[in-house]
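Note that the protein sequences, when read in sequence, are chains A and B. If you count the first sequence from 1, position 23 lands on 23 in UniProt numbering, and the numbers rise without skipping. If you count the second sequence from 1, position 181 lands on 181 in UniProt numbering, and the numbers rise without skipping. Beta carbons are placed, not taken as given, at the ideal position from N, Cα and C, and that holds for glycine. Being a predicted model, the structure only gives us computed values, none of them experimental. To start, the structure itself, in structure tokens.
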Amino acid sequence: MAATFFGEVVRAPCRAGTEDEEEEEEEGKRETAEDREVRRQLARKREVRLFRRQTKTSLEVSLLEKYPCSKFIIAIGNNAVAFLSSFVMNSGVWEEVGCANLWNEWCRTTDTTHLSPAEAFCVFYHLKSSPSVVLCQCSCYVAEDQQYQWLEKVFGSCARKNMQVTILTCRHVTDYKTSESTSSLHSPFLKALKTQNFKEPPCCSLLEQPNIVHDLPAAVLSYCQVWRIPAVLYLCYTDVMKLDLITVEAFKPILSSRSLKGLVKNIPQSTEILKKLMTTNEIQSNIYT
Amino acid sequence: MFVPCGESVPDLAGYTFLMPAVSVGNVGQLAMDLIISTLNMCKIGYFYTDCLVPMVGNNPYATAEENSTELSINAEIYALPSKKLVALQLRSIFIKYKSKPFCEKLLSWVKSSNCAKVIVLSSSHSYHRNDLQLRSTPFRYLLTPYVQKSIQTKITSLNWEEMEKSPCIPEINDSEFCIRIPGGGITKTLYDEGHWIANSTQLWSLREDNCSKEIAMVILLKFVSEGDNIPDALGLVEYLNEWLQILKPCCDDPTASALRWKMPSSWRLLFGSGLPPALF
């Protein structure tokens with residue numbers, strides 16, 4: 001509880017998240033059969049499903065069981081997705097091997113057969129000339145109750161040790177804790193986190209304590225750490241969360257990493273593709289059209 | 001599930017299992033940080049679960065450049081074989097509806113590991129105290145019936161206050177009395193998991209598997225308010241130390257007691273980044 005300036009006592013949110021626990025317990029005791037049915041239906045609606053858009057069939061096994069790979073590159077968020085689209089996917093032929101269909105408060109994509117570029121999506125590709133390279137473009141938000149399911153549907157229950165995972169994502173610079181003021185930081189800048197089994201030197205400095213990472217990037221990295229898969233997360237701290245040229249270009253140091261080196265062919269062309277992507281997006285984000 | 005760091009599963013038979021509840025002020029978790037950091041406990045594995053919000057970061061107990069790059073996740077297990085202590089640290093909150101399944105899975109694992117006892121460090125909202133509680137020590141304990149007689153005797157000799165029962169429905173005079181731990185997160189669930197079998201009115205709903213949940217559990221908690229809860233965490237570890245004697249007892253001076261506990265490097269910037277100079 002907290003007292004306001006006007007002398008009223010209000011319920012302050014508890015940072016340990018315990019208020020919900022007690023309500024949950026009470027709810028559990030009062031739940032009727034209808035409540036349970038509603039909860040079950042909501043859980044079913046929030047299930048993560050992986051399927052092939054071409055054949056409109058679900059994947060019976062996990063994605064990496066069906067398409068084993070030695071390199072798995074995941075872009076989470078629109079800037080990371082734009083980076084991979086422009087710098088990696090512009091060379092070679094990438095075939096779509098799967099698409100995740102998920103629904104939550106932030107991502108309401110129900111029809112994944114006709115996605116427009118502006119819609120949030122989660123699509124998996126492999127390189128036709130070298131199918132052991134699998135790429136994931138994830139611009140939709142995967143909620144905390146869906147992250148574990150996403151991992152199961154993609155990685156499966158058997159840990160794959162003969163692969164290396166690279167994750168790219170962005171966070172707002174105000175999330176970065178430092179003894180200086182965040183207003184004095186020169187963003188965007190890159191930081192890395194790696195699992196114990198990742199032996200290569202990362203392309204930028206490591207994320208210092210007490211900084212932490214949440215959401216899907218954290219879920220993937222946790223999985224890799226626990227199951228001893230070499231993995232690295234490249235985190236771009238930026239002050240522009242929407243699609244931004246400078247933020248996307250901040251990922252460029254990663255192009256020299258072992259995972260991406262062989263995949264990147266024509267950087268000037270990639271920059272052109274990126275500029276076109278920015279222009280397309282700007283037109284679409286005009287609220288007057 | 002428990003996933004060991006090394007190739008083999010460590011033998012935890014007879015160990016004391018220390019764990020926090022994610023509770024008001026995060027006091028239990030802060031206390032666990034102090035214990036793990038001070039005793040320099042070694043990470044032996046992960047409790048990989050879909051019940052907690054995922055998070056990762058570099059080694060929160062780093063003391064030098066060399067050990068600062070080890071990745072940590074949301075639920076990790078540390079051990080100190082010389083004192084037969086095993087500690088679970090939780091670093092994020094529970095996903096909705098997953099706190100009870102977590103308690104069940106965790107206690108099953110603890111039971112199957114043959115740990116001697118479980119100690120839960122927790123906290124409760126200080127504004128929920130009644131008049132008597134306001135006038136007494138802010139520390140409380142709770143025991144499940146399976147706690148060994150020797151521990152019960154020791155705790156009695158320390159003159160500790162047992163957590164009082166309060167009306168199940170506040171404001172209603174003829175309401176039944178029960179243990180309530182507002183702001184305690186999973187504390188009550190853990191207590192119930194280890195305790196309910198002793199309540200004869202619930203025997204009719206016995207499930208076969210629950211017969212094995214005879215867990216010797218001691219809960220230590222402090223009444224706190226949210227804010228800078230470092231002093232509360234220090235208080236709670238000193239309270240635990242009165243009984244377990246993890247660190248040698250020292251003089252009554254609270255400042256000296258506080259200095260014995262090593263704050264981890266991850267406690268930097270607890271209240272955010274530096275301030276912009278332009279503010280002044």
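| query | What do you reckon, is the C-beta of alanine 233 of chain B under 7 Å from a heavy atom of the ligand FMN? | reply | Judged by which ligands are present, the structure shown has none, so any question about the ligand FMN falls away.
| request: With DSSP collapsed to three states, give me the class of tryptophan 267 of chain B. | output: On the second sequence, residue 267 of chain B is found 267 positions in, with the first residue counted as 1. Reduced to three states, the DSSP call for tryptophan 267 of chain B is helix.
| said: For the structure I just gave you, are there three or more beta carbon pairs, one from the region 106-115 of chain B and one from the region 9-28 of chain B, closer than 8 Å? | reply: yes
| query | In the structure shown, what three-state DSSP assignment does serine 113 of chain B receive? | reply | As a first step, residue 113 of chain B is located in the second sequence; it is residue number 113 there, counting from the start. In the structure shown, serine 113 of chain B sits in coil (DSSP, three-state: anything other than H, G, I, E or B).
| task | Compare the C-beta of isoleucine 36 of chain B with all C-beta atoms of chain A and state if any pair is closer than 8 Å. | result | Here the question's residue 36 of chain B lines up with position 36 in the second sequence. Not closer than 8 Å to any Cβ of chain A, the Cβ of isoleucine 36 of chain B fails to qualify, so no.
| message | Does chain B have any CB closer than 8 Å to the CB of threonine 238 of chain A? | response | Here residue 238 of chain A is taken as the residue at index 238 of the first sequence, counted from 1. Not an interface residue.
| request: Could you please give me the residues that DSSP links to proline 101 of chain B through a beta bridge? | output: Position 101 of the second sequence holds residue 101 of chain B. Per DSSP, none; premise fails for proline 101 of chain B.
| field | histidine 186 of chain A - DSSP class collapsed to helix/strand/coil | value | Working through the first sequence from its first residue, we reach residue 186 of chain A at position 186. The answer is coil: DSSP assigns histidine 186 of chain A none of H, G, I, E or B.
| message | Can you check which of these residues, A:Leu260, A:Gln137 and A:Val123, is closest to alanine 75 of chain A by C-alpha distance? | response | As a first step, residue 75 of chain A must be located in the first sequence, where it is residue number 75. Comparing Cα-Cα distances from alanine 75 of chain A to each of A:Leu260, A:Gln137 and A:Val123, the minimum goes to A:Gln137.
| said: At the 8 Å Cβ level, is glutamate 249 of chain A part of the contact set with chain B, yes or no? | reply: Looking up residue 249 of chain A in the first sequence gives position 249. Not closer than 8 Å to any Cβ of chain B, the Cβ of glutamate 249 of chain A fails to qualify, so no.
| Does valine 154 of chain A come within less than 8 Å of chain B when only Cβ atoms are used? | Mapped onto the first sequence, residue 154 of chain A falls at position 154. Answer no: the Cβ-Cβ gap between valine 154 of chain A and chain B never drops below 8 Å.
| message | Suppose contacts are defined by Cβ-Cβ distances below 8 Å. Is lysine 100 of chain B in contact with threonine 187 of chain B by that definition? | response | Taking the first residue of the second sequence as 1, we reach residue 100 of chain B at position 100. Taking the first residue of the second sequence as 1, we reach residue 187 of chain B at position 187. In this structure, threonine 187 of chain B does not lie closer than 8 Å to lysine 100 of chain B by Cβ.
| request: Go ahead and pull the three-state DSSP assignment for leucine 34 of chain B. | output: As a working mapping, residue 34 of chain B is identified with position 34 in the second sequence. Helix at leucine 34 of chain B.
| task | Report back the beta-carbon spacing between valine 213 of chain A and valine 56 of chain B to the nearest angstrom; my notes put them in contact at under 8 Å. | result | Position 213 of the first sequence, counted from the start, is the residue given in the question as residue 213 of chain A. Position 56 of the second sequence, counted from the start, is the residue given in the question as residue 56 of chain B. Contact holds; Cβ gap of about 5 Å.
| query | Looking at threonine 182 of chain A and threonine 174 of chain A, is the spacing between their C-beta atoms short of 8 Å? | reply | If you number the first sequence from 1, residue 174 of chain A lands on position 174. If you number the first sequence from 1, residue 182 of chain A lands on position 182. The answer is yes: Cβ separation under 8 Å.
| message | For a minimum of 4 consecutive residues, which ranges assigned as the alpha helix (DSSP H) are wholly contained in the region 23-68 of chain B? | response | 27-38
| request: Answer yes or no: do leucine 88 of chain B and asparagine 229 of chain B have a C-beta to C-beta separation smaller than 8 Å? | output: Your numbering for residue 88 of chain B matches position 88 in the second sequence. Your numbering for residue 229 of chain B matches position 229 in the second sequence. Their beta carbons are not under 8 Å apart, which means leucine 88 of chain B does not touch asparagine 229 of chain B by this criterion.
| message | On the DSSP letters alone, give me the boundaries of the alpha helix (DSSP H) that cysteine 122 of chain A sits inside. | response | For the purposes of this step, residue 122 of chain A is taken as the residue at position 122 of the first sequence. Premise fails: cysteine 122 of chain A lies in the beta strand (DSSP E), 122-127, not in any alpha helix (DSSP H).
| request: For the region 136-155 of chain A and the region 34-43 of chain B, state whether three or more C-beta atom pairs, one from each stretch, are separated by less than 8 Å. | output: no
| query | Does DSSP classify serine 124 of chain B as helix, strand or coil? | reply | What you label residue 124 of chain B is simply residue 124 of the second sequence in a count that begins at 1. Serine 124 of chain B: strand per DSSP, three-state reduction.
| message | Please list, in chain order, the chain A residues whose beta carbon lies closer than 7 Å to that of glutamate 162 of chain B. | response | Numbered from 1 along the second sequence, position 162 holds the residue referred to as residue 162 of chain B. Neighbours of glutamate 162 of chain B on chain A: none; closest Cβ ~22 Å, over 7 Å.
| request: Go through the region 210-239 of chain A residue by residue and report every complete run of the alpha helix (DSSP H) that reaches 4 residues or more, in order. | output: 215-226
| How many whole angstroms separate the CB atoms of isoleucine 77 of chain B and valine 86 of chain B, which I take to be in contact at a CB cut-off of 8 Å? | Start at 1 with the first residue of the second sequence, and residue 77 of chain B comes out as number 77. Start at 1 with the first residue of the second sequence, and residue 86 of chain B comes out as number 86. Right, their Cβ atoms sit about 6 Å apart.
| By DSSP, does valine 9 of chain B sit in helix, in strand, or in coil? | The residue labelled residue 9 of chain B in the question sits at position 9 within the second sequence. Here valine 9 of chain B sits in coil by DSSP.
| task | Answer with buried or exposed for cysteine 178 of chain B, where buried requires no fewer than 16 other C-beta atoms within 10 angstroms of its C-beta. | result | Within the second sequence, residue 178 of chain B is the residue found at index 178, counting from 1. By the 10 Å Cβ count, cysteine 178 of chain B comes out exposed.
| task | Kindly confirm or deny that the region 189-203 of chain A and the region 233-240 of chain A touch, where touching means at least three C-beta pairs closer than 8 Å. | result | yes
| For serine 166 of chain B, the residue or residues it bridges with in DSSP | For this step, residue 166 of chain B is matched to residue 166 along the second sequence. B:Cys178.
| What in chain B is Cβ-close to residue 327 of chain A, meaning under 7 Å? | For chain A, the structure presents residues 1 to 289; residue 327 of chain A sits outside this window and is missing.
| My guess is that tryptophan 243 of chain B and lysine 154 of chain B are in contact by the Cβ rule of under 8 Å, so how many angstroms apart are they, rounded? | Along the second sequence, one-based indexing puts residue 243 of chain B at 243. Along the second sequence, one-based indexing puts residue 154 of chain B at 154. Contact holds; Cβ gap of about 6 Å.
| query | Contact check, phenylalanine 47 of chain B vs leucine 134 of chain B under 8 Å by CB: the rounded distance? | reply | For the purposes of this step, residue 47 of chain B is identified with residue 47 of the second sequence, where counting begins at 1. For the purposes of this step, residue 134 of chain B is identified with residue 134 of the second sequence, where counting begins at 1. The pair is not a contact, with the Cβ atoms about 37 Å apart (cut-off 8 Å).
| Cutoff 8 Å: asparagine 210 of chain B Cβ touching any chain A Cβ | What you label residue 210 of chain B is simply residue 210 of the second sequence in a count that begins at 1. Annotation note: pLDDT 42 at asparagine 210 of chain B (below 50); position unreliable, no value reported.
| What does a CB cutoff of less than 6 Å around valine 3 of chain B pick up in its chain, not counting 5 residues either side in sequence? | In the second sequence, residue 3 of chain B corresponds to position 3, counting from 1. Excluding positions up to five away in sequence, the list reads Gly45, Tyr46 and Tyr48.
| Simplified DSSP state of glycine 235 of chain B, which is helix, strand or coil | Residue mapping note: residue 235 of chain B aligns to position 235 of the second sequence, counting from 1. Here glycine 235 of chain B sits in helix by DSSP.
| Cβ-based neighbour list, phenylalanine 139 of chain B, same chain, cut-off 6 Å, excluding 5 preceding and 5 following | Taking the second sequence and counting its residues from 1, the one referred to as residue 139 of chain B is at position 139. Closer than 6 Å at the Cβ level, and outside the excluded window around phenylalanine 139 of chain B, lie Lys222 and Tyr239.
| request: If I'm right that leucine 90 of chain B touches alanine 79 of chain B with Cβ under 8 Å, what's the distance once you round it to whole angstroms? | output: Position 90 of the second sequence, counted from the start, is the residue given in the question as residue 90 of chain B. Position 79 of the second sequence, counted from the start, is the residue given in the question as residue 79 of chain B. Between alanine 79 of chain B and leucine 90 of chain B the Cβ distance is about 16 Å, and since that is not below 8 Å, they are no contact.
| query | In the structure shown, what three-state DSSP assignment does serine 91 of chain B receive? | reply | One-based indexing of the second sequence puts residue 91 of chain B at position 91. In the sequence as presented, serine is not what sits at residue 91 of chain B; that position holds arginine. It is coil, neither helix nor strand.
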